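Just add 440 to wherever you are in the sequence shown, counting from 1, and you've got the numbering used here.
We put the beta carbon where it would ideally sit given N, CA and C, even for glycine.
Since the model is a prediction, treat every value here as computed from it, not as a measurement.
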Amino acid sequence: MNIRNKSTAIVLVVALLAGAFWMFNSSEPPVHSDSPQEGKFAAVSNDLTEGGYEAYLKQYENAERPNQDIRIEGEAYSLTQGGPFEVKEQFEGLSGAAVITPESGTISWDVPIAETGLYNIRIHYYPVEGKSSSIERSFAINQKPPFKGADSLLFDRVWGNREAEVKRDDRGNDLRPRQVEKPVWQSSVFADSEGFYEEPYSFYLEKGNQNLSLTALREPMAIDYIELFQDQKVKSYSEVKQEYETKGLQPVTEPFIEVQAEAASAKSSPTLYPLSDHSSPTVVPYDVSSIRINTIGGVNWKLPGQWIEWQIAAPEDGLYRIVLKEKQDQLRGVYANRSLTIDGEYPFTEMKQIRFNYSPSWKMNVLGGDEPYLFHLTKGMHTLRLTVTLGDIAPLVRTIQSSVLTLNEMYRDILAITSNNPDKFRDYQLEKRIPDMTKVFREQADIIRSVGNYLETATGERSDKVSILYSMVTQLEDMVKNPGTVAKRLLSFKTNVGGLGTWILTVQEQPLTLDSLIVSAPGKQLPRAQATFFQKLKHELGAYTASYTADYDSIGNVAKKQKSITVWISTGRDQAQVMKSMIDDTFTPDTNISVSLRLVPPNILLPATLAGEGPDVAMQIGEDLPVNYAMRKAAADLSRFTDFKEVASRFRDSALTPYKYNGSVYGLPEQQIFPMLFYRKDILQELGLEPPKTWQDVYNVVSVLQRHNLEFYLPLEDTLNNATLVPNAAFTMLLYQNGGQLYTDDQKKSALDSEISMGEFNKWTQFYTNYKFPVKADFPNRFRTGEMPIGIADYTIYNSLTVMAPEIRNLWEFTLVPGTPQADGTVDHSVASHTTGVMLLENAKDKDSSWEFMKWWTDKDTQVQYGREMEGLMGAAARYPTANIAALEELPWPVKDYMNLESQWQWVKGNPQVPGGYFTGRHLDNAFRKVVNGNVNPREALSDYLININDEIQIKRKEFKLPY
């Protein structure tokens, strides 16, 4: 009986293995993405009443489209304003002349228009070397932008891999190719930079002389010519197919061309660098443990307008099939879109939008599906370009963006009556005081539901993307039925509207990863996209084994030269990889000093230093560490190096202040961050306000804001990390503007007992006691909704707002913080900064080599390169706040914004570090809380805590044998 059972079990196991083998090794059918079959969604937008592009088109919908081209030579300009404009012959291989336009200024042309009508416009330009960001211009007709969108036109630079072949480090890992600019003359139409409109912009021009002008907002460019033309309608595939038959074109039978996607010939952004994918053993090239560069795109290739192109060599004339090995594993419940051009032209209209549905695994995507589209290629080289496009998602996004603006405006109207903390027992009678409230809610519910229904139909599922929309619909409909509950539900209403803003960001991003492109005869067998069972098994076992043997902490090359130093960084792997690449490319070859760069947790530096196992150099550390280490003889004095003064001149004195101690300097600043005044232009204009220039202006602005239940934001640190609090930015702003300081000149005690300090502390707390400023607030989000249309915050918030709040683009700016008038009539705009730095440890074995590294790292060229690489890697949200004066000027800030930053930077002061100084920020906050929460007299509260601050300073000075 046992023998029979064993035999049965063996047979079952064999059968299961055979079944698994057949299942996982049988051929897989190719999938296909195609143009959408659903009817296009008609956008519902408030652009019609706000001077948007839709209103512009509506105004001229009956205008003719003259069938003529008008070419305007760049050098034939009529007027220039600002900036040095220069005409050059044969510039960068051009036959003829071109005008070089700088990063600021305006250039105009007088153009004779023979026939009134709507025209498209294109420009032939060359991206002159600048700050590595997209070129931005504002277009005007007769000195006025015709509509919103024309005031912000973007023109791409061209990027590519620096080396033709992928290099490897000495551990066998592929190194990510560095992206360098490869400028060429190119043509670009004037189109929507956000991708909301698929077709190029149309401009209405009347017969006669018209003045066309371009105003530089960012980056220089050379202009060969500008051309007015009519964009031609692209034929459908059925029409193109008939042409194939008429011309007698036949599908090829033998060619099979596979191009690895990572070998792209050009791309529109440095963020589109090749990637490493370990998700499947079918990606090419592949290694079970080592890093292999084998894909491109991913979450970096997601913004409308970004493109990647490849060179395809067709061996013979004929009709070809195109297949993409792709993975779209980021957007569930919505889809990614791409457009395809060959040699700069759409093959047929279906290629204007290719849909890629969600798939967590690799797929062979045949364009056209079971009856694949055929593309005519002549023998020779062709350029195939895939561009991110919103396609039929664009009207959905425009509709929700319009709804967000409408609902936020209604939210502010309600807020003006109820405040942001409504009395739940009071009936505000909102439906009577805001007569159109329920109408707006009803209309927006219908509009948002229509978007959700379209998405649900298009994707065939109700995902989280649709649920966000339906949650808003449910609440709006309920508030229509029960308007008396609106005040009580204000918080959840704001949250749901914020959810719509997040939905816009999510859906607007269109990520897609490519492994390869295949251009082949239609009948050719395609390689597998998904791994077989045994391939997966081998992959997983190999990866498990490698997890015990591979070194994942070290970055890049690890071989040591005669001179070698150890550097620790604690921020992130992306930063470390960029830094190591730069070290291996420039520092080590130039100095013959090898660098062992290690990625470590931030809290390990102290115990490692105490144990004698610390690094030679510690990077990207808080500004409090160098002086604290110096007190304990653990940090090296940098001022002893003969060229220190030359190196120190790279920074403002304010950036070096936190690193000075007892006449010596123990660190160099890497980043320096300081506050700026952010304000919503649209809301301040609506209220008849100007950005405040002094604190008296602030009081005037606050009185108007509070009448509308809006708020002004002052920075206040979170108390979760009370032990390392820095002195509050708003208080130090007031203190420094009035000639105060944190410590006495000899740094033996706090200077907060002065009359100036007491007076400014009282003024600071009054903002919260008398004017009821919020003690805790999410400024970026409340700025976005308009609840806080003005506030003071670190200038790095600029980067977040640029990325996370597209719906208020061009509706906000930043400028100098409010200042204090002085006796001589000037206004003092002083603010305090905070920094991160790099420190040389006292136990470093080779201090001279370590100092060479620190000089290289803080040099202008290195800081610019690192800043551009990080922005290229992670986008505009990662713009680097360098402390190097010359480097900040070279980073890709719009000219106007950089000028504002530079103006504020001149007023920045640094907070000194003293023994026991950590008590200053901590107890300053404690005194503040005691006044605001406990209603204690400000002078008494600060005086009480000053005793603790001075006691701690004295204790520490005794400990370190300093005079007290």
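Check, Outcome
"heavy atom of the ligand MN below 7 Å from Arg-761 C-beta", "Ligands are entirely absent from the displayed structure, and the ligand MN is therefore not among its contents."
"Gln-1015 vs Ile-1023 beta-carbon contact at 8 Å", "no"
"Residue burial classification, Ser-475 (beta-carbon count within 10 angstroms, cutoff 16)", "Interpretation of Ser-475 is limited by its pLDDT of 48, a score under 50 that renders its predicted location unreliable; the figure taken from the coordinates is listed afterwards. With 16 or more Cβ atoms within 10 Å of its Cβ, Ser-475 is classed as buried."
"Spatially closest choice to Asp-1384 from Ser-1289, Met-1198, Tyr-1338 and Gly-809, by CA coordinates", "Met-1198"
"CB contact check: Tyr-1320 to chain E, cutoff 8 Å", "Chain labels in this structure do not include chain E; a single protein chain is all it has."
"Nonlocal neighbours in the same chain, by C-beta distance under 8 Å from Glu-478, ignoring five residues either side", "The predicted model places Glu-478 with a pLDDT of 47, which falls under 50 and marks its position as unreliable; any figure quoted below should be read in that light. Taken in chain order, the residues that qualify are Asp-832, Tyr-894, Thr-897 and Ala-898."
"Residue interval of the alpha helix (DSSP H) (run including Tyr-1183)", "No alpha helix (DSSP H) holds Tyr-1183; DSSP gives it neither H nor E."
"Buried versus exposed call for Leu-1182 [16 or more other C-beta atoms within 10 Å across all chains shown]", "buried"
"Unbroken beta strand (DSSP E) run spanning Gln-619, endpoints", "619-621"
"Beta-carbon contacts of Gln-690 that lie in its chain and below 7 Å, excluding the five residues immediately before and after", "Gly-758 and Leu-759"
"Sheet register partners of Pro-710 (DSSP bridge)", "Looking at the DSSP assignment, Pro-710 forms no beta bridge with any residue, so it has no partner."
"Proximity winner among Val-551, Phe-595 and Val-723, relative to Lys-647 (alpha-carbon distances)", "Val-551"
"Proximity of Ser-801 and Gln-768 at Cβ, strictly below 8 Å", "no"
"Element boundaries [beta strand (DSSP E), containing Tyr-565]", "557-566"
"Reduced DSSP secondary structure (H/G/I, E/B, other) of Ile-874", "coil"
"CB-CB length for Ile-561 against Phe-630, believed under 8 Å", "5 Å"
"Spatial distance of Ala-538 from Asp-853 (CA atoms)", "52 Å"
"Proximity of Ile-563 and Leu-594 at Cβ, strictly below 8 Å", "no"
"Selection from Leu-845, Phe-643, Phe-1171 and Ile-958 that minimises the alpha carbon distance to Asp-1365", "Phe-1171"
"CB-CB length for Arg-602 against Val-620, believed under 8 Å", "4 Å"
"Rounded separation between Asn-1390 and Gln-1353 - CA only", "14 Å"
"Residues that DSSP places opposite Met-1116 in a beta bridge", "Ala-1233"
"DSSP bridge partner residues for Asp-550 (one or two, in chain order)", "Asn-651"
"DSSP three-state assignment for Trp-1345, whether helix, strand or coil", "helix"
"Cβ distance (whole Å) where Trp-943 is taken to contact Leu-916 below 8 Å", "Contact doesn't hold; Cβ gap of about 15 Å is too wide."
"Limits of the unbroken alpha helix (DSSP H) element including Tyr-1069", "1065-1071"
"Presumed contact (8 Å Cβ cut-off) between Gln-400 and Ser-709, rounded CB distance", "This structure leaves residue 400 out entirely; the chain is present only between 441 and 1404."
"Beta-carbon gap between Pro-812 and Pro-721 smaller than 8 Å", "no"
"Stretch pair the segment 1113-1120 + the segment 1184-1193: three plus CB contacts closer than 8 Å", "no"
"Residues of its chain near Lys-1216, where Cβ-Cβ distance is below 8 Å and the 5 sequence neighbours each way are ignored", "Leu-1156 and Asp-1158"
"Straight-line gap, Ala-1245 to Leu-743 (C-alpha atoms, nearest Å)", "14 Å"
"Beta-carbon proximity list for Lys-622, same chain, < 6 Å, skipping 5 on both sides", "Val-598 and Gly-600"
"Inter-residue Cα distance where the pair is Tyr-1235 and Glu-1342", "12 Å"
"Helix, strand or coil at Glu-569 according to DSSP, with G and I counted as helix", "coil"
"Inter-residue spacing [alpha-carbon to alpha-carbon] between Ala-421 and Met-1279", "Since the first and last residues shown for the chain are 441 and 1404, residue 421 lies out of range."
"Burial state of Thr-1260 (16 or more Cβ within 10 Å)", "buried"
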